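Chemist: Those letters in the sequence shown? Residues 1 to 129, by full-length UniProt numbering.
By construction, the Cβ of each residue, glycine as well, lies at the ideal position given by its N, Cα and C atoms.
No experiment lies behind these values; they were computed from the predicted model shown.
Structure incoming, see below.
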Amino acid sequence: MSANRAIPAPKEDPTTKPFWDAARAGKFLIGLCKDTGKHFWYPRGCSPYTLSNNVELVEAKGTGTIYSFTVMRSKEPHAPAYVELDEGPRVFTNIVDCDLDALKIGQKVKVVFKPTEEGGAPVPMFTPA
1 MSANRAIPAP KEDPTTKPFW DAARAGKFLI GLCKDTGKHF WYPRGCSPYT LSNNVELVEA
61 KGTGTIYSFT VMRSKEPHAP AYVELDEGPR VFTNIVDCDL DALKIGQKVK VVFKPTEEGG
121 APVPMFTPA
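Here it is in structure tokens:
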């Protein structure tokens with residue numbers, strides 16, 4: 001991703017505030033369904049498995065593998081991707097801080113937090129591990 005590519009600040013509300021507060025502290029949170037023990041993305045107050053609100057935010061390892069990606073060859077080239085977290089869920093994200101031509105499906109990656117415009121919370125993205 002181009003160092004000049006502006007990242008809009010995320011819109012925070014009371015339901016997403018814990019996630020963004022954790023991002024400010026350098027922690028990557030994902031959802032955990034306490035009924036099934038399965039992790040999920042995106043974090044929310046209802047389990048996608050049971051529709052129960054018996055969920056919690058837990059800190060993820062912040063590591064995974066590239067499941068799928070493409071390189072957008074625009075004015076500011078970047079690589080949107082799906083990353084499969086070590087915990088299981090797939091996250092739609094960007095791969096950053098690397099040679100975009102060297103990316104491969106199955107490549108190990110780790111989370112990095114990128115600053116956003118107007119002093120918003122940093123956004124989690126991934127870079128080769």
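Would you say A79 and T70 are within 8 Å of each other, going by their C-beta atoms?
Modeler: In this structure, T70 lies closer than 8 Å to A79 by Cβ.
Chemist: According to DSSP, which residues form a beta bridge with E84?
Modeler: T65 and R90.
Chemist: Check each candidate in Y49, K34 and G120 and name the one with the smallest Cα separation from K17.
Modeler: Ranking the options by Cα distance to K17, first place goes to G120.
Chemist: Measure from the alpha carbon of W41 to the alpha carbon of each residue in D101, L85, R73 and L51, then state which is nearest.
Modeler: Answer by Cα proximity: L85.
Chemist: Along the chain, where does the beta strand (DSSP E) that runs through K110 open and close?
Modeler: Run containing K110: K108 to K114, per the beta strand (DSSP E) assignment.
Chemist: Take E12 and list the residues in its own chain whose beta-carbon comes closer than 6 Å to its own, dropping the five residues that flank it on each side.
Modeler: Excluding positions up to five away in sequence, the list reads W20.
Chemist: Please check the pair G62 and V111, which I expect to be a contact at CB under 8 Å, by giving their CB distance rounded to whole angstroms.
Modeler: With 8 Å as the limit, G62 and V111 qualify as a contact, their Cβ atoms being about 4 Å apart.
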